[in-house]
Structures are given as structure tokens and as C-alpha cells.
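Protein chains in written order, with this note's numbering: chain A, 13 to 146; chain B, 12 to 401.
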Amino acid sequence: MGGVPRFWRSIDNRYRLIGTRCKNCGEVFFPPRVVCPNCRSDGEMEEVQLSGRGEVYTYSVVRVPPEGFEDKAPYVVAVVKLEEGPLVTAMIVDCEPGEIDVGTPVEAVFRRISEDGEDGVIYYSLEFRPVREG
Amino acid sequence: MLRRDVAIVGVGMTRFGELWERSFDDLFVEAGLEALEDAGMGGDEIEAMYVGNMSAGRFIDQEHVASLIADRSGLTPIPCTRVEAACASGGLAVRQAILAVASGMYDIVLAGGVEKMTDVTTEEATATLATASDQEWEAFHGITFPSLYAMIARRHMYEYGTTREHLALPPVKNHRNATKNPKAQFQFEITVEQVIESPLVADPLRLLDCSPVSDGAAAVIVCPLEMAKEFTDTPIVVRATAQASDSIALHDRDDITTLKATVEAAKTAYKQAGVEPEDVDVAEVHDCFSIAELVAVEDLGFVEKGEAGEAYHDGMFEIDSDYVAVNPSGGLKAKGHPVGASGVAQVVEIVEQLRGEAGKRQVDGAEIGLTHNVGGSGGTVVVHIFERAD
Ligand SMILES: [Zn+2]
């Protein structure tokens, strides 16, 4: 998959769920941004740890997959609203398509997607799953 | 503002469809020659070309298509520039041509668009179209274009009570219009029931909510308005050219039920032209998916936010509506969507409508026309407003 080099560059943010917060206006961004789109040069960014909890803002079920995802279809994708505010796009796993709706509470999970040789880097993907009672 | 008035004096396009027997070069040359013939030109008059193309590199393994096109058209050594903004590439090529003439740099410029999409498999085409989304934060997670628009649809249904039946109405209208367009890919009617029962692609969107994979090309010739009568009795004047950008990823938008770039480009265009949305008689809008047309008529100001579904129910956007006819050509859904060519083909349709040459799909007394071309899920939007000049 062509996305591996750039995935590696952002693994720290993905794996540890680190976003950024603008000290000027307080908005939290994930994926992290270097420049605050509200404040531009007046803003200053700091790293912020996100909880990984949120709810489904909107979703779909992919039934005609792109190259590389043929064996996963059908799968649920969603825009998740994190409790700190930002929206993020990810797959929703460990669920049947019918279980997901706008507002369904979800939590982040990390899945190993590939390993680059014996001493290579292990790649993880950020996904979400429904929060289950108990 | 434009430093001098610009007009469109020639238009041409190929038939859109699965044109297995036609090459990329064939398509572009056919559209270009038709535009030249329409303007009564031989070709020597053309001083520069701008060509919209999204992804020849992935669809046919060919980059550097600007040179290829100048070469195959027999127009070297004039400058030819490729313009890319995903599915808005064509609209943007027209805009570059208009700006080049308005600036005084050139007098006669050809703007074209071309895409040859059917040489690859559905999975490859799906992956290529997904490169117009945020590769790192969307496509990496298995996002496809239908699923992005499906998520817009789901949220629109949640916030505004838009129904599954509402979603089916633009495709049904556009197929009906395409039966009157001899260059359309799908010249047959469909019913609401057929849309709702077609196979799911990305819930809630189904196959008949989606524009097809197509081959095709389109071209227009622009020149200063003061020269236009040398080439045509009915020049179509460019009243506004506007472009806006937004985040490439859907999740970075404040409101994903609105394409803010459409709102911004439209605001600029209406101001430039000195017209209001209700002055528009005919519009070609970017209906890559059923929900895209519902959102477009709201964001262009034809109806209030959230009210598109009911407006379609009332037939407000039909060819014979006394409100505004939307996608009389059949739109991307039924005319076809060769991505780099679509934005140019929209302009071809509006020019024919304003000239009164649109045949069975003619919008009665059309004087002001608008085109709306979207790249990706709304990261780029190009809006043009045209008026009959005589
Ligand atoms: Zn800020």
C-alpha cells in the first residue's frame, strides 16, 4: 500500500492519539495541525492527549471496496466526533452494520496492519468499536 | 473583476459513455475539432490551450498529457497547460482560459477536458477516484468516494429529515432529461422504485444514486467579447468566474451537510455578475451522487438549507419548471462523468441552452445560466455564470 511511508511519519500521533490545541482560541485538532486555521499566525499549537472516546457523527457501509480492501468488505466507515471536539474518519470494527447509528458511543482501538520484517516497524491503524455495557 | 469581457464562441463534445474503441487522443481531438468548427475556425487562430484531466497517469499510464494533446491536435508549438483539481479539473481549465483572455495575454484560447476511465477495473477506478480524498486520513481507512457522499447523505437525513425517496428524485429527473440528449451515456428513464431497489454501494447510496465511470471529452473556445461576432451570431458572455477551496477531508468541515466552497464560490459569482439565485434560468450542477445535487441546489441558494428534498418533490428543477431547470443535459448521473471533462461539458450545455440550440431539452427563454463543478468531496468548487450577449 502506497500509504506506508507517510503512515510511518505520523505513527506517534496515531498510536498515542496525540492531537494539537491552539493556545489562542482553544480549538483541538485531530489529525494534528501545525497551523490553526482560525488564528493562523496569531495561534500557537501545543500537543494534547485525546481520550479516544466519542460518538458516531455520520457513517456508511462500504460494499464496493477500493483496491486493497477487497477482503474486508462490507465494512463500516464513520466520521467520529471525539469528546474533545474534533472529527476523525475511521473504520468501525467489532460490529454488525445494523448496530451503528448517528450518536452510537464508540472508543478507539489500534489494530496491527503490517510488520516490516523481523526488526522492522509495526504499523497500527486507528479504528473504533462500539462501547458495550458492562 | 475581469479586465475585459470574455465570451464563448465555440463548443464541442464527444458522446459520453463506455467507449472501448476510442483512445484518449481520439476523444480530445474530436471535441476540439467540433468546437473549432462551431466557431468557424481552422485552428491557426488558437493561441493557447488549458486542459482539465484528473488522472491519466493512473487511468491510462500517461502523464504529461498537455504536450500529448498539443501534439495530437496538430497545434504545437502553442502553449498547452494541464489543470488538475480532481473532478473540478474541467471547470478549472475553463476558468484558466477565461482569466488568460481577460488579462490580455491571449485573445483566442481553447479550454478542454478529457478522461479515459474504462481501461481499468472497477477496483482500480475506485482507488484512483479515492486519491481525490485525503489519502492519509481518509483513503487509508478504506474510504471510497461513494462512502464520503453517503456520510453527507446520512447526516443530511439526520439533521433535515431528508428521506430515501428524496435522494432518488435527482437521478430520476436526470435520466428523464438525458433521454433528450443524444450525447448522454444513459438515454433511458428510471423510476424511484428502481433507484431504491438497486444494489447498495455505500449505505444509504445505491448504484442508481451514483454517476457512472465514463470516457469522453469536451472543449470550448473563448475570446474577448469585442471579437466574438467575428465567429458567431450568438456569443455567450462570461458574467462571472469564481473558485473556492475547503478542507480536502470531510471531517475537517464545520458542517458536512454543506459544501462551504460552493457557498463561497457562488457568493462571489453572484456578486460579480450582479444577479441573485432567482435570476438563474438554467443550471448544470455537480451531481456525482444523488445527495450532491440536493446539497448543491441548497448551497447555490436555489432553496433554503434542508428543503431540497421537498423542492424536488414539487418539481421545481424540471426543464419546464418556471423556477430553475437543473441539469437539463442529464447531469453527471445520466450524461456521464468522465471526471476531467465533466466541468467543460457543463459549460457546453449552458452555451447551447442560452443560444436556444438545445433541441428537445431546451429551457424556454433561458437567458442566464450557471455551472457548478466540484472537486473531491468539496475541496475545490468552480462556479461560472453566463448570459446571452445579443
Ligand atoms: Zn486558533
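Note that the Cβ used here is the ideal one computed from N, Cα and C, for glycine as well.
In three-state DSSP terms, what is B:D49? In the three-state reduction of the DSSP assignment, B:D49 falls in the helix class.
Flag B:T391 as yes if its beta-carbon sits less than 7 Å from any beta-carbon of chain A, otherwise no. No, no contact with chain A.
Using a Cβ-Cβ cut-off of less than 9 Å, list which residues of the region 58–80 of chain A approach chain B; keep chain order. Those would be Y69, T70, Y71, S72, V73, V74, R75, V76, P77, P78, E79 and G80, in chain order.
Check for me: the alpha helix (DSSP H) holding B:P182 runs from which residue to which? Start and end: R175 to A189.
Where B:H75 falls, given that 16 or more other Cβ within 10 Å makes a residue buried: Answer is exposed; the Cβ neighbour count stays below 16.
Helix, strand or coil for B:E134, going by three-state DSSP, please let me know. In the three-state DSSP reduction, B:E134 falls in the helix class (H, G or I).
With DSSP run on the structure shown, which of helix, strand or coil describes B:Y323? Three-state DSSP puts B:Y323 in a helix.
If I follow the unbroken beta strand (DSSP E) through B:D226, where does it start and stop? Here the beta strand (DSSP E) through B:D226 covers D226 to P235.
Hey, B:V125 and B:R93: beta-carbon distance below 7 Å or not? No, they are not a contact pair.
Kindly indicate which three-state DSSP category B:G386 falls into: helix, strand or coil? The answer is strand: DSSP assigns B:G386 an E or B state.
Would B:G123 and B:A230 qualify as a contact pair, given that the criterion is a beta-carbon distance under 7 Å? Taking 7 Å as the cut-off, the beta carbon of B:G123 is found closer than this to the beta carbon of B:A230.
Ligand 1 and A:G9: does the residue's C-beta get closer than 6 Å to at least one heavy atom of that ligand? As shown, chain A starts at 13 and ends at 146. That puts residue 9 of chain A outside it, with no answer to give.
Given that a residue counts as buried once 16 or more other Cβ atoms are within 10 Å of its Cβ, and exposed if not, what is B:K5? Residue 5 of chain B is absent from the model: chain B starts at 12 and stops at 401.
To the nearest angstrom, report how far apart B:Y171 and B:L121 are at their CA atoms. Each residue's Cα considered, the two are about 43 Å apart.
Is any non-hydrogen atom of ligand 1 found closer than 6 Å to the C-beta of A:G55, if you look at the structure I gave you? Relative to ligand 1, A:G55 has its C-beta within less than 6 Å of a heavy atom.
Distance, B:D244 Cα to B:V22 Cα: Cα-Cα distance, rounded: 14 Å.
7 Å Cβ cut-off: residues of chain B touching A:R84: Correcting the residue identity first, residue 84 of chain A is Lys in this sequence and not Arg. Counting only Cβ-Cβ distances below 7 Å, A:K84 has contacts in chain B at G153, in chain order.
Using a cut-off of 8 Å between C-beta atoms, extract the partners of B:V412 located in chain A. Since the first residue of chain B shown is 12 and the last is 401, residue 412 of chain B is not available in this structure.
Suppose you measure from the CA of B:D55 to the CA of B:E45; what does that come to, to the nearest Å? Approximately 15 Å between the Cα atoms of the pair.
Is B:N192 near ligand 1, going by C-beta to nearest heavy atom under 6 Å? It does not: the Cβ of B:N192 is nowhere closer than 6 Å to a heavy atom of ligand 1.
Could you name the residues of the same chain whose beta carbon sits closer than 6 Å to that of A:V100, not counting the 5 residues immediately before and after it, in chain order? Once the five neighbours on either side are set aside, the close Cβ partners of A:V100 are F42 and V92.
In this structure, what does DSSP give as the bridge partners for A:A120? Beta-bridge pairing links A:A120 to A:F140.
Proximal chain A residues relative to B:I267, where beta-carbon distance stays under 9 Å: Within chain A, the residues near B:I267 are Y69, T70, V91 and L99.
Closest residue to B:Y331 among B:I109, B:G342 and B:D292 (Cα-Cα distance): According to the sequence provided, residue 331 of chain B is Asp. The question's Tyr does not apply to it. If we check each option's Cα against that of B:D331, B:D292 comes out closest.
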